[in-house]
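K.L.:
Residue numbering for the sequence shown is 9 to 123, as defined by the working numbering.
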Amino acid sequence: QVQLVESGGGSVQAGGSLRLSCVAAGSLFNFGDMGWYRQAPGKERERVAVATNGGDLEYAESVKGRFTLSRDIAKNTVELQMNSLKPDDTAVYYCYAAIRGSEYWGQGTQVTVSS
Numbered sequence: 009q010v011q012l013v014e015s016g017g018g019s020v021q022a023g024g025s026l027r028l029s030c031v032a033a034g035s036l037f038n039f040g041d042m043g044w045y046r047q048a049p050g051k052e053r054e055r056v057a058v059a060t061n062g063g064d065l066e067y068a069e070s071v072k073g074r075f076t077l078s079r080d081i082a083k084n085t086v087e088l089q090m091n092s093l094k095p096d097d098t099a100v101y102y103c104y105a106a107i108r109g110s111e112y113w114g115q116g117t118q119v120t121v122s123s
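This is the structure we're talking about:
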């Protein structure tokens with residue numbers, strides 16, 4: 009069993025910053041990629057930033073230069089620092105992990121950016 013527990017999120021004005029954190033717990037051997045997705049109302053879930061098992065950091069074009077992903081493999085955590093937030097960043101953000109070929113998701117945390 010794997011659990012992803014998220015924290016952070018909230019409401020901020022455009023141009024502000026927020027930080028999201030996620031910790032994985034449970035049976036974590038053969039841990040693969042870990043990162044964040046988001047889903048805005050009426051839209052499909054999209055990949056925001058992922059740290060691959062090989063150590064690469066991959067970002068959506070829309071967040072490059074504004075968001076920074078960091079991963080601590082020893083602590084099974086991933087954090088997303090979000091700067092220069094825009095109203096278009098408003099969404100529910102989900103922590104994601106790939107473990108032993110299966111995908112796991114956190115419960116989601118709301119990020120709201122007002123103009």
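Note that beta-carbon positions come from the ideal geometry of N, C-alpha and C, so glycine has one too.
What's the gap between the Cα of T120 and the Cα of V10?
P.N.:
On the sequence shown, position 112 is the one that residue 120 refers to. On the sequence shown, position 2 is the one that residue 10 refers to. One C-alpha to the other measures close to 28 Å.
K.L.:
Could you tell me whether the stretch 70 to 85 touches the stretch 106 to 119, using the rule of 3 or more Cβ pairs below 8 Å?
P.N.:
Verdict: no, contact absent.
K.L.:
Please report the distance separating the alpha-carbon of R108 from that of A32.
P.N.:
Looking up residue 108 in the sequence shown gives position 100. Looking up residue 32 in the sequence shown gives position 24. Each residue's Cα considered, the two are about 14 Å apart.
K.L.:
Apart from the five residues just before and just after A82, which ones in its own chain have a Cβ nearer than 6 Å to its Cβ?
P.N.:
Position 74 of the sequence shown, counted from the first residue, corresponds to residue 82. No residues qualify anywhere along the chain.
K.L.:
Please name the residue in D97, G16, P49 whose C-alpha comes closest to that of C30.
P.N.:
Counting from 1 along the sequence shown, the entry for residue 30 is found at position 22. Looking at the Cα atoms, G16 is the closest of the given residues.
K.L.:
Whose C-beta lies closer than 7 Å to the C-beta of L12 among residues of the same chain, with five residues either side of it excluded?
P.N.:
Residue numbering aside, residue 12 sits at position 4 when the sequence shown is read from its first letter. The answer, listed in chain order, is C30, A32, C103, A105, Y112, W113, G114.
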